[in-house]
Every structure is written in structure tokens, then in C-alpha cells.
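Residue 8 is where the sequence shown starts when you use the numbering used here, and the numbers rise one by one after that.
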Amino acid sequence: MAFPTHRPRRLRSTPALRRLVAETSLQPRQLVLPMFVKENATEPVPIASMPGVVQHTRDSLRKAAAEAVAAGVGGLMLFGVPETRDATGSAGVDPDGVLNVGLRDLRSEVGDATVIMADTCLDEFTDHGHCGVLAEDGSVDNDATLAVYAQMALAQADAGAHLLGPSGMMDGQVGVIREALDAAGHLDTGILSYTAKYASAFYGPFREAVDSQLKGDRKTYQQDPSNVRESLRELALDLDEGADMVMVKPAMSYLDVLRAVAEIADVPVAAYQVSGEYAMVEAAAANGWLDRDRTILETLTAVRRAGADIVLTYWATEVAATLT
Ligand code: PBG
């Protein structure tokens with residue numbers, strides 16, 4: 008009887024051997040926690056479709072940020088949930104709007120101990136729920152939206168954000184924001200561009216998280232899940248316009264896109280493990296169908312393996328705390 012010459016199992020035989028040969032690592036500094044702050048909230052409001060995630064009050068936002076920093080989390084990405092909305096999303100530009108107030112709170116709480124990021128997008132602030140302003144025919148007006156993004160970016164930089172995250176998929180958004188920041192002297196405020204963002208059903212729970220008013224979909228500005236080539240075009244444009252980092256979103260169903268982007272990007276690459284990815288694992292775990300902790304670590308390791316330097320995940324603090 009012939010015995011196999013090659014025995015890959017040899018390197019799997021003890022935990023120490025497996026640790027020695029692991030190709031992918033997961034560290035707290037690579038994780039970014041998305042957070043929600045709700046205007047005039049007196050108690051944190053649980054988000055039913057995202058068990059364990061809340062819309063924060065200003066106080067609970069500070070506490071959660073301090074916990075994230077203590078766990079070594081690499082960054083915080085803040086979203087605002089305003090009390091009133093209008094057609095142009097003016098609360099997003101207002102220095103006293105909930106997102107800008109929240110950014111100031113975060114910066115005063117944690118300073119430079121972690122990286123404070125802002126969602127630079129209108130969908131939380133518009134009464135129609137789209138990521139931009141509408142033209143008369145009801146379509147999302149790309150260039151009119153850019154002018155608002157530029158103002159929003161300045162308000163967020165003034166409020167203390169280290170990085171701005173334009174997530175609206177308007178053409179030219181990175182260039183317009185860079186130009187506005189530079190003209191105002193915000194030379195060190197960076198841009199983490201949502202470069203490849205797909206029109207995904209996995210954003211479902213997020214709509215509850217930000218009390219979204221959207222009816223319909225975002226398919227005229229977010230990408231078609233069928234395509235990978237246009238993500239490379241988006242990448243080239245974002246880099247040309249001055250993106251400091253780029254992102255692929257969602258993560259788990261787009262690992263091939265992430266790999267393709269990571270192979271050619273000459274800036275750090277992030278991936279966003281979105282609300283639906285979180286909800287799926289939490290729901291299955293609550294039913295006893297998946298081992299929660301193992302599944303979470305496996306998903307994050309897979310996203311890193313596919314090429315993400317940085318992963319946005321609602322589990323950031325919890326996972327970071329177990330890693331340290
Ligand atoms: C848009 C934005 C969305 C998410 C992050 N930024 C919603 C959307 O594009 O519909 C989704 C994040 C998630 O699902 O966790 N500002």
C-alpha cells in the first residue's frame with residue numbers, strides 16, 4: 008500500500024502549529040465601529056433588526072465611544088438620525104444638526120485616541136430618503152447634490168471628523184469634497200471613499216437604524232450586483248480625485264470585488280460588513296443554528312483574507328475586546 012508523500016495535515020496538527028502558519032490576522036486596530044446618534048433621544052433606542060445595536064443619546068454615544076477606544080478599536084463611523092427632514096437634507100449641513108453635534112461630542116470625548124469618521128451623505132436627512140437632492144422629474148440630481156456634499160464636508164471637518172466617508176455614489180463626490188476641504192484649509196482631513204457600493208438588499212436593517220424615509224431603491228446611483236469591472240473604474244476615478252482610502256460595501260457577498268480592488272489600490276482598502284450581514288448571523292445564532300462567536304470571527308477573518316486592511320463592523324468593540 009502506497010502512503011501519501013504530501014501531508015498538508017501535518018501543519019494543522021496542534022494549535023501552536025496552526026497559529027504559527029496562520030496567514031491572516033485580526034487586530035482591534037483594523038476594526039471600525041459604525042454608530043448612530045439620535046437627535047433629542049433621552050434613552051438609547053434599540054434597533055429591532057440589529058440586536059445589540061442602538062440609536063445613541065449624546066451621553067450613551069460618548070460612553071460607547073470610550074469603551075470602543077478602551078478595546079483598541081481603530082475608528083468610529085458616525086451616522087446621525089435627525090428629528091426633522093426636508094427635501095434638501097439641510098440638517099446634514101447645519102453645524103447644530105445631530106450628526107455634527109455628535110461628531111463634536113466624539114472628538115471632545117476621545118480626541119485623537121481613535122479615528123473619527125463621518126458619513127457624508129444626505130439619505131438620513133432628506134424627507135424622501137435619497138442620498139442626494141432631487142431634480143424636478145424626481146431623479147437624483149448628481150451635480151446639485153455635489154454642492155450640498157461640499158458644504159456638508161466642511162461642517163463635518165469643522166466638527167472634528169478626521170476622515171469623511173462620502174457614501175452617496177454621486178459621480179465626482181471625492182473631487183468636490185477634496186477641493187472644498189483644501190480651499191477651507193482642512194488639508195489634514197482625509198477622505199475614506201465608498202468607492203464600490205452596491206445597491207444591496209443587505210442594507211435592510213440599516214434603514215430601520217436611521218429611520219429611513221426611502222420608498223423605492225437606489226439603483227440609479229448604487230452599483231448593480233452583477234458587475235465587478237465598474238468597481239475598478241470607480242476605483243480609478245476616486246484615486247484620481249484624491250481619495251485617501253477606499254471602501255467596498257457590502258463585504259461578504261462581494262469578496263471577489265474586494266480582492267480585485269485590493270490588488271490594484273495603492274491606498275488602504277476598507278470593507279463594510281453591513282447591517283444585513285450582522286442581522287443574519289445574530290438571527291441564526293439566536294435560533295441556536297450557528298455558533299455566534301466562531302461565526303463572527305470567521306466572517307471578519309474572511310473579509311481580511313480577501314484583502315481588506317480595515318473592516319467596518321457592528322461587532323467591532325466586542326471583537327476587539329476579545330482579541331486584546
Ligand atoms: C448611506 C448608507 C447606507 C449604509 C451606510 N451608508 C444605506 C444605503 O446606502 O442604503 C448602510 C450600512 C449598513 O447597512 O450597515 N448613507
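Where a beta carbon is used, it is the ideal one built from N, C-alpha and C, also for glycine.
Buried versus exposed call for residue i [16 or more other C-beta atoms within 10 Å across all chains shown]
i, result
"His169", "buried"
"Gly79", "buried"
"Ala48", "buried"
"Gln34", "exposed"
"Pro173", "buried"
"Met8", "exposed"
"Pro22", "exposed"
"Glu284", "buried"
"Pro41", "buried"
Sequence-distant residues of its chain with Cβ nearer than 8 angstroms to residue i (five each side left out)
i, result
"Ile54", "Phe43, Val60, Val61, Gln62, Pro212, Glu215, Ala216"
"Ala291", "Leu297, Thr302"
"Val268", "Thr202, Ala203, Ser238, Leu239, Leu242, Val253, Val255, Val276, Gly314"
"Ile123", "Gly82, Leu83, Leu85, Leu110, Leu113, Arg114, Val117, Gly167, Ala168, His169, Leu170"
"Arg14", "none"
Enclosing alpha helix (DSSP H) for residue i [first to last residue]
i, result
"Gln163", "149-165"
"Ile303", "299-312"
"Met287", "282-293"
"Asp112", "105-117"
"Ala262", "The amino acid occupying residue 262 in the given sequence is Leu; Ala does not appear at that position. 262-271 is the span of the alpha helix (DSSP H), which, as asked, contains Leu262."
"Asp247", "236-248"
"Phe213", "211-216"
"Leu330", "323-330"
Residue(s) in a DSSP beta bridge with residue i
i, result
"Ile317", "Ala277"
"Val253", "Ser200, Val276"
"Asp178", "Partner(s): none; Asp178 has no beta bridge."
"Pro53", "Val61"
"Thr21", "Paired residue(s): none; Thr21 is not in a bridge."
"Asp93", "Thr133"
"Gln34", "Its beta-bridge partners do not exist; DSSP assigns none."
"Gln230", "Tyr205"
"Leu141", "Val147"
N-terminal and C-terminal residue of the beta strand (DSSP E) that residue i is part of
i, result
"Ile198", "197-204"
"Met84", "82-88"
"Leu171", "170-173"
"Phe43", "38-45"
"Ala125", "122-127"
"Gln62", "61-63"
Cutoff 7 angstroms; reference residue i; Cβ partners in own chain excluding five residues on either side
i, result
"Tyr261", "Tyr205, Val255"
"Gly249", "Val181, Gly182, Arg185, Ile198"
"Ala120", "Val76"
"Val52", "Lys45, Val61, Gln62"
"Tyr279", "Met254, Lys256, Pro257, Ala258, Leu319"
"Lys226", "Ala206"
Same chain, Cβ closer than 6 angstroms to residue i, neighbours up to 5 away in sequence not counted
i, result
"Asp316", "Pro275, Val276"
"Gly197", "Leu170, Asp251"
"Pro232", "Tyr205"
"Ala98", "Pro89, Gly104, Phe132"
"His193", "Ala164"
Residue i: CB within 7 angstroms of a non-hydrogen atom of the ligand SAM
i, result
"Phe213", "The ligand SAM is absent from the structure shown, which contains only the ligand PBG."
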